[in-house]
Every structure is written in structure tokens, then in C-alpha cells.
Amino acid sequence: MRLPRRALITAATGLACAGLHLLGAAAPAVASSNQVAIIEDDDHMLADPAGTLQQFRKLGAGMVRVFLPWSAMAPDYNSSNEPANFDPTDPASYPDGVWDRWDAIVRDAKQAGIAVDFTITGGSPRWAEHKARPSQIVGNQQRAWYPDATKFGQFVRAAAKRYGGSYPDPQNAGQTLPRVSFWSIWNEPNFGEDLGPQAINGSRTSVAPGIYRSLVNSAWQAFQATGHGHDTIVIGELAARGLSGKATRKHPDGLPGNFAQTKPLLFIRTLYCVDANNRELRGNAARSVGCPATAGASRAFRGQNPGLFNASGFSDHPYPQDQPPTKDRSTDANFASFSELPNMERELDKVTHVYGSGKHFSIYNDEYGYITHPPNKGRFVSPTTAAYYINWAEYLSWRARRIASTMQYLLYDAPQNPALPQGGFASGLLTAAGKFQPAYSAYRMPLYLPVSATRRRRSLEVWGDVRPAHFAAADTHNAQFVQIQLQRGNKGSFGTVKRVKVTNQRGYFDTRVTFPSSGTVRLVWQYPSGDPNLPQGTIYSRHVQIKLR
């Protein structure tokens with residue numbers, strides 16, 4: 001539902017490179033081999049939850065991320081007055097049928113064995129906004145402008161009650177709706193189209209972090225009060241890039257102003273009330289962004305903001321755009337693309353340490369993908385390169401022990417939009433018409449060789465993931481094996497050179513293989529027979545060329 005505007009986000013310039021070590025490369029013994037595989041495609045989920053979830057199951061995804069938008073659920077969202085006799089904490093007080101599509105998602109996800117990540121987000125109803133919206137966003141249901149944190153918390157309470165595991169299922173008498181135990185608080189709060197304004201006073205004063213701080217506090221209290229205190233609750237959800245600049249004729253409010261993006265690490269520092277040197281803000285600098293202005297007040301900050309210190313993880317949307325996962329076009333130290341995630345980790349460690357916390361957040365990558373050309377125009381990667389890059393990125397995150405998830409956004413390419421010069425958000429595993437792309441096989445069964453050339457009789461590391469294997473193991477209780485195959489030279493049949501038992505619950509394996517010759521490597525695995533919830537037949541990974549000298 002937010003796809004068109006994402007295709008316009010290009011804030012990076014320059015070039016930055018980072019090696020494997022920057023992503024926390026470590027021995028496999030400490031790798032995040034149990035990272036959850038998240039996938040997202042809201043448009044198709046809302047239109048056909050059962051069918052879409054079955055496709056996710058075939059791909060092996062363990063969790064689906066779904067927006068739960070406040071303004072879409074709230075009554076009279078475009079009115080300045082909250083409806084009379086409306087109890088925003090009671091799910092039954094909301095308009096008839098408004099929860100139905102999300103009820104269907106949690107039911108069907110349970111049936112498919114897939115966990116749900118509800119990202120509770122804006123826009124906000126106008127009656128829950130502190131100040132009048134600018135004229136250019138009046139009537140826009142996806143925008144939030146100075147949203148009231150207390151009222152947002154009331155909506156969170158309603159959602160948490162409905163999906164707490166004991167709420168009566170309105171479609172199935174005598175049954176309850178399934179429980180949701182994974183929650184994210186607000187999508188991209190550092191982006192003015194999701195939370196506005198970002199900055200005021202010619203962009204000299206960053207206000208969105210303070211607004212978000214209040215939203216987190218209110219949502220956190222709502223989860224604790226409704227029996228979700230031990231759930232996975234993730235904060236952040238930051239866009240990876242941003243803009244800053246003084247007021248100009250073109251940008252009279254400066255940058256980020258009302259609607260652009262605040263650089264993520266700048267956002268984090270203001271969120272935690274510290275300056276560029278990670279010292280507590282004081283005086284007017286603190287008061288202007290809603291922070292404690294004295295040393296005594298700062299001592300209470302951690303206790304007053306439990307969500308900022310006790311959340312299960314911090315999330316980022318680290319798109320590297322058309323670059324490989326070890327590179328980014330920017331030299332800006334305040335960005336948080338994939339190669340820069342270690343910078344964000346260190347920044348989070350520093351800001352929490354200021355208040356005496358030893359928290360080391362797990363990092364959730366919960367929005368990621370590569371836009372391709374075709375179908376888009378301009379500087380985008382080819383579908384084959386996108387398949388290679390998503391496997392490379394997953395290997396890197398598998399080796400980085402603090403990264404808790406791998407992510408695919410979307411299942412289908414967004415339809416081409418003639419209003420956008422580039423075309424649309426074409427990062428799917430399938431085309432908009434449903435045709436398989438190289439990324440489909442790459443996502444379903446990743447394959448990556450960190451080094452693809454060596455001397456004869458020396459081994460190469462072969463890493464991969466039989467992503468659907470965890471469903472098969474749950475259904476059949478049989479051991480799962482993947483075949484590593486080689487086609488010698490450039491033609492002929494493939495032969496198995498090693499058979500690997502998949503023991504990791506997420507399907508990951510990491511092994512070394514001494515190949516007999518140069519050629520083409522692939523993985524082969526077969527869905528178990530007789531399982532009505534999984535397809536039949538043999539599946540293959542993408543191909544990787546190796547060379548022996």
C-alpha cells in the first residue's frame with residue numbers, strides 16, 4: 001500500500017566500501033544461524049492471505065511482516081473530532097469488519113506454520129493529531145502529523161487484546177483468534193511521509209525522534225498491560241538514508257524539513273537525547289527536542305523510557321540500492337545501509353551505555369531487496385545479479401551474530417507506475433504478472449561461495465540454506481539432506497559431489513568441498529512426498545561458476 005513512494009527514495013551519493021569483517025564476520029559457531037527469514041508483500045497478503053501464505057510456506061519463510069495501520073482501522077479518520085461513545089482500547093468498538101483482513105492473516109498464518117510480525121504504524125486519524133496538517137497532506141490516510149502518543153497507545157491496546165490468544169473469533173464460534181507474539185513499533189519514523197514533521201525551525205530542530213520516543217513509550221505500556229510483556233517487541237524500523245541542509249529557496253524548511261528523511265544515526269542520537277559526541281544533551285538543546293535538560297533529569301531518563309532500553313531488538317531497512325551488500329554509494333557516517341550496520345550497532349551500544357545500560361540490541365533487517373532492470377529503467381541491477389546479491393547478503397548476515405533476521409521485500413514486483421520515471425518497486429521474486437525470476441530460486445534455496453577459485457585439490461567453502469526444510473522436518477520428522485552438485489566444464493550433466501545433512505532448524509549449512517574440476521555448482525533438494533502443505537518435486541538453487549587452477 002506504500003509502494004509508489006518508495007521508488008522515489010534515492011538519497012545516497014558517492015561510494016563507500018566495507019569488507020566482510022565490517023559485518024561482524026565470525027566463526028560459524030557464533031554465527032546467527034537461527035536468524036528468522038522474514039518476507040513481506042502487504043498488497044497480496046491483504047488480498048489473498050491464505051494463497052499468499054502458502055506461497056511463503058513453499059519458499060520456506062518463517063515469518064511474514066504485515067502493516068497494521070492505525071488510520072485504516074480508526075473510525076472517522078479524516079474528522080477533527082474523535083467519535084462519540086468510541087472506546088479506542090476495545091477492539092469491538094471499531095467499525096464493523098475493519099479487523100477482518102488481519103484476522104484472516106493470523107488464522108491463515110497459524111495454519112501455514114508461519115509467525116506474524118505486526119508492524120503497528122500510521123498514518124494517524126486527524127482527531128489524534130496535536131496540530132493541523134499542512135494542506136498538501138490533508139486527507140492522506142497514510143500520513144501522520146504530530147500524532148498523539150496516548151491515543152496511539154490506546155490503539156495498540158486494542159490490537160494487543162484482539163491478538164492476545166483469548167479474543168473470541170468472530171468468524172468461528174467457540175474459537176479464539178490466534179496469538180501474535182512479535183510486534184514492531186511504527187514504520188520508518190525517520191521518514192516524514194510516515195511521521196511528520198521531521199524537523200522544524202529551518203530544520204535546525206529535529207522533532208520526529210521526540211515524537212517517536214513518546215509513541216514507543218505509549219506502545220510499550222500497552223503491550224505490558226495486555227499480557228504481551230514477554231513478546232518480541234522491536235523498535236527503530238528506520239530508513240537507511242536521509243538528508244540534511246539549511247533552508248534554501250528550493251527547500252524553505254531546510255532538510256529534512258517536514259517530509260524528507262532524517263539520517264538514521266542522527267535520529268538515534270536525538271531519540272536517546274545525546275549529542276554528536278554521545279554526551280547527554282543539556283539546556284535549550286535538550287528542551288527543544290523533548291529531552292531532560294539537567295543531570296538530575298537525565299538520571300531518570302532510562303527508567304522513564306523502558307521501551308528504548310528493554311526492547312527485544314532494533315530494526316533497520318538497509319537497502320544498498322543497486323550496490324552489492326558490501327558497498328554503498330555514500331560516504332555519510334550517519335547512514336545505515338547493509339554494509340553500515342556495524343556502525344549502527346556501535347552507535348546503539350554507545351547511546352545506551354550513556355545511561356548505564358549494557359544493552360546490545362539484536363539487529364532486525366526487516367525490509368530489504370533489490371529493484372531490477374528490467375522491468376524498471378535506469379541504474380538498477382539485473383534479475384540475475386539481484387539473485388546473487390540476496391544470497392551474498394544472507395551469507396554475511398548469517399555470519400554476523402547480532403543480525404537476527406534476513407528479509408525479502410517483495411514476493412511480486414509492484415506494478416509499473418507511469419507516474420514514476422523509474423517504473424516501480426520491482427524487488428519481487430516474481431514479476432508483477434507472476435513469472436518466476438532468478439531471485440525466486442535464490443531465495444528458496446540460497447547458495448554462496450565466498451571464494452570461487454582455488455588450486456586443484458584444495459577445498460572451497462560452500463554455504464547454503466534449504467529454507468523449506470524446517471517445514472518438511474516438522475511435518476515428516478525425517479532427516480533432511482541437500483546435494484551439492486557439479487557440472488564439469490560448461491556442458492553435460494550434473495553429478496553429486498557431496499551430500500550434506502541439514503541439522504540446523506532454519507535449514508542452514510556450511511561445509512567445505514574439494515571439487516574435481518572447474519565447472520558449475522548448484523544445490524538440489526526434494527520436497528518430501530505425501531505432504532499436502534508442501535509441493536512435490538525437486539528444487540534447485542541458482543548456479544555458481546568455480547575455477548580450479
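Just so we're aligned, residue 1 is where the sequence shown starts under my numbering, counting upward by one.
We put the beta carbon where it would ideally sit given N, CA and C, even for glycine.
A quick note: this is a predicted structure, and the numbers were derived from the prediction, not measured.
Boundaries of the beta strand (DSSP E) harbouring Arg522: Gly519 to Gln526, taken from the DSSP string. Secondary structure of Pro69 (DSSP, three-state): strand. The beta carbon of Asp169 sits closer than 8 Å to the beta carbons of Asp103, Arg107, Gln175, Thr176 and Leu177 from its chain, once the five residues preceding and following it are set aside; these are given in chain order. The beta carbons of Ala160 and Thr226 sit closer together than 7 Å. The region 369–386 makes contact with the region 438–456, as at least three CB pairs between them are under 8 Å. Here the region 44–51 does not lie against the region 85–100, with fewer than 3 beta-carbon pairs under 8 Å apart. In this structure, Arg488 places its C-beta atom within 7 Å of the C-beta atom of Gly519.
Within the same chain, Ala240, Pro318, Pro320 and Asp328 come within 6 Å of Ser337 by CB-CB distance, once the 5 residues on both sides are set aside.
With contacts defined by Cβ atoms closer than 7 Å, Phe309 and Leu348 do not form a contacting pair.
Around the beta carbon of Pro197, 16 or more other beta carbons lie within 10 angstroms, which makes this residue buried. CA-CA distance, Ser339 to Asp96, rounds to 46 Å.
In the DSSP annotation of this structure, Val351 is not part of any beta strand (DSSP E); the continuous alpha helix (DSSP H) holding it starts and ends at Leu341 to His353. Distance from the CA of Leu243 to the CA of Gln261, rounded to the nearest whole angstrom, comes to 6 Å. Counting only residues of its own chain and dropping the five nearest sequence neighbours on each side, Asp322 has a CB closer than 7 Å to the CB of Arg379, Phe380 and Val381. Every alpha helix (DSSP H) stretch that sits fully inside the region 368–435 and reaches 4 residues is listed by chain position as 383–399. Val66 counts as buried, since at least 16 other C-beta atoms from the protein chains shown sit within 10 angstroms of its C-beta. In terms of CA proximity to Leu486, Pro516 leads the group Phe425, Pro516 and Asp465. When DSSP states are grouped into helix, strand and coil, Ile211 belongs to the helix group. DSSP links Pro168 through a beta bridge to Thr176. Arg57 is classed as buried because its beta carbon has at least 16 other beta carbons within 10 Å across all chains shown. In the three-state DSSP reduction, Lys110 falls in the helix class (H, G or I).
In the structure shown, Val36 adopts extended strand secondary structure according to DSSP, grouped into three states. About 34 Å separates the beta carbons of Ala276 and Val36, which is beyond the 8 Å limit, so they are not a contact pair.
Here Lys377 is exposed, its C-beta having fewer than 16 other C-beta atoms within 10 Å.
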